[in-house]
Ligand code: PEP
Ligand code: MG
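Numbering (the working numbering), first residue to last: 149 to 902.
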């Protein structure tokens, strides 16, 4: 066996010669398997290629029967080769037959061979084939041999791609790949249908040169890139440069740690030593990391591996000179942005006239990027695991935000039927628009006030288009999240004033800053916390740093001169927090009055009910507050101790459950007792079936995503509230996990539109 580092180097040099040759693609593969077998002193070397239908087909072999080429096939997960492809993991076996996954393929004649070494062939993070060597003797392949085969597999990935093998298989076998991510994991974040072309939020880096001309030179390039990367991270941490709004201090700290991680750097150097260029070495190590990431069940570890993946991408971009972020100036007119995850500010950075849809590998319904997508009226899907590796910049794609389905490279028939759906959707919207000026009154005469949630100036036209009564929740933090530093008093006054002006006399409820957990400010360093959702956030931060709260309240009071101003506080956990926050407002009001400023005509101060502890303080709290608003996104998350953004928990607990609806009912009752308006402003209110449950327990005011107003009004106008409550009452004590199915059945039986 050649020395571990020289072995692959010689092989890589030979591979380069083959790549530069004039042979047909098949002849090249045939040559390559012979070369690998010779270099690895193995009797067999075979290449299996993954077809778009997921079947692994034998494409070339040295040592197995030639007749089996293009005949032998294995499904992903079938046999040793299928297992390697499915798990993206190498297998090193002294006796292949003893492995439980072994599958005998008689046409190959492989019964002669005992030891088996197989590795996945990966490109851009996905498995595109499997490379195998086999020997007659029972032997254990060394770690160096495994490494060498992996390096070879990586170069082979390029050979397969550049020889046209991958494209050829796609047209031969399907012509189009329709990927349905419907089911457990993909989740609709925002309704609507979009047909368009993929824009990768983080463009993929394609490596041109895989094989090193000179190893010392490549080591030097790698060193240079790593130093640059470290400097970049330091600059980011020092706040001298901002690469993106979601580069929170937390992520950067982790990235800094990885940038100095000796193990990672050692692996990169070793990969260069085997004869790869610096960028190919980064991809090689990144492939291993991704394969590990796919296998690890621990979400925390996976998250850290994602950080390492981000770091590798930065390194790759530097080494290949690729641009750092999606070029925002040359977006297609129908851009569908695809990303692992995204902060709300990043979504807002895109040209709104061109962006038609968003697909995220992560991101739950109540994440802030989802909220922004809904505000912009863009269909969005989350939890589309693996989507990034299935698409390329420019791929045709259909996003169905209603069903949570995504179709990549759809067939013309499918495109036609979706274009039809889009027309149907438009007609439905037309019907909702016809309800615009009609009251949201139930058949039995109960009127429900419908407001919209907003957080951006772009939301405000929806207030009038939808015919909503007002803005029930204005999330002020979005303005802060988009700024590059804390907005000054004058900027805040201007912003609130423009919202009030655009409301044209309709009421607006301003919520004070709700920062923390998934809402971070790029310019505010927050301490690292074990449980940020339960941590130093929102009103807690505001009360500890009252200067910020004072400034914001002052801006609201000044902007609200002459109107009926409403302010409410998020994340209140006890009466004293509300009292303290209210004091800040009252003191600020008094201060401005002594200075002779024009002030609001009236001032109402409300409390958000988001923390379950308030359920036992309502008798003391409600007399002090002017109104209460149920923040059901957080209230439900804390009631069930179930992270609102955790993909694993989506659907585990249902807001339409006796527990959650019982809590809502209790708040409604207390509101009535104390003569205080109770409203709800979580995402629940915007979904007709959920809204029906809420009206059922007695809510008479809700604030929601603007696109929910029409459907929810249609539901209310076809509902008998008293009949529904009579139906629900026993169900709230039935011990059921959820009463969703029962509510849907009630709607069907009573002609209620949901
Ligand atoms: C809520 O928690 O329901 C809410 C309206 O606040 P946010 O979604 O902004 O946390
Ligand atoms: Mg909240």
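From the three backbone atoms N, C-alpha and C, an ideal C-beta is built for every residue, glycine too.
Computed from a predicted model, the values in this text were never measured in an experiment.
When the Cα atoms are used, residue 202 and residue 243 turn out to be separated by approximately 27 Å. Every residue with a CB closer than 7 Å to a heavy atom of the ligand MG is listed here in chain order: 662, 718, 719, 756, 758, 779, 781 and 782. The residues 159, 162, 163 and 166, in chain order, have a CB closer than 8 Å to that of residue 183 in the same chain once the five nearest residues on each side in sequence are set aside. Between the stretch 260 to 270 and the stretch 521 to 532 there are fewer than three inter-stretch CB-CB distances shorter than 8 Å, so the stretches are not counted as touching. Between residue 591 and the set 240, 871, 175 and 882, the nearest pair of CA atoms involves 871. Taken atom to atom, the span from the alpha-carbon of residue 363 to that of residue 509 is near 37 Å.
Burial is judged here by how many other beta carbons sit within 10 angstroms of a residue's own beta carbon; residue 260 has fewer than 16 and is exposed.
If only complete runs of 3 or more residues are kept, the stretch 744 to 782 shows the beta strand (DSSP E) at 750 to 757 and 775 to 778, in order along the chain. Taking 7 Å as the cut-off, the C-beta of residue 623 counts as close to a heavy atom of the ligand PEP.
Relative to the Cα of residue 858, the nearest Cα in the group 604, 612 and 381 belongs to 612.
For residue 334, no beta strand (DSSP E) encloses it, and the DSSP letter there is neither H nor E. Under the 8 Å Cβ criterion, the stretch 674 to 684 does not count as touching the stretch 709 to 725, having fewer than three qualifying pairs. Take the alpha-carbon of residue 702 and the one of residue 829: they are about 24 Å apart.
Residue burial annotation: residue 803 is buried, with at least 16 other C-beta atoms found within 10 angstroms of its C-beta.
Short note on residue 830: C-beta closer than 7 Å to some heavy atom of the ligand PEP.
Membership of residue 210 in any alpha helix (DSSP H) is not indicated; the residue belongs instead to the beta strand (DSSP E) covering 203 to 210.
If you draw a straight line from the Cα of residue 219 to the Cα of residue 352, it comes to about 34 Å.
In this structure, the straight-line span from the alpha carbon of residue 637 to that of residue 610 is close to 27 Å. Out of 520, 846 and 241, the CA that lies nearest to the CA of residue 339 is found in 520. A straight line joining the alpha-carbon of residue 650 with that of residue 608 spans about 6 Å. With a threshold of 16 other beta carbon atoms within 10 Å, residue 879 meets it and is buried. For a cut-off of 8 Å, the C-beta gap from residue 189 to residue 342 is around 55 Å, too long to register as a contact. DSSP places residue 479 in no beta strand (DSSP E); its state is neither H nor E. Between residue 419 and residue 440, the C-beta spacing is not below 8 Å. Using a Cβ-Cβ distance cut-off of 8 Å, the stretch 365 to 374 and the stretch 462 to 469 are in contact, since at least three pairs of beta carbons, one from each stretch, lie closer than that value.
In this chain, the beta strand (DSSP E) harbouring residue 553 covers 553 to 556. Within the model, the alpha-carbon separation for residue 309 versus residue 191 is close to 26 Å. Beyond the five residues adjoining it in sequence on each side, residue 732 comes within less than 7 Å, by CB distance, of 694, 697, 698 and 701 in the same chain, given in chain order.
The alpha-carbon separation between residue 889 and residue 862 amounts to approximately 20 Å.
With the rule of 3 Cβ pairs closer than 8 Å, the stretch 271 to 281 counts as touching the stretch 232 to 246. Here residue 818 is buried: its Cβ has 16 or more other Cβ atoms, across all protein chains shown, within 10 Å. Residues 240 and 265 of the same chain have their beta carbon placed closer than 6 Å to that of residue 289, with the five preceding and five following residues left out of the count.
DSSP lists 210 and 281 as the beta-bridge partner residues of residue 193.
Its Cα nearest to that of residue 197, the residue 177 stands out among 177, 625 and 621.
Residues of the same chain with a CB within less than 8 Å of the CB of residue 791, apart from the 5 flanking positions on each side, are 681, 785 and 797 in chain order. By the neighbour-count criterion, in which 16 or more other beta carbons inside 10 Å mark a residue as buried, residue 714 falls on the buried side.
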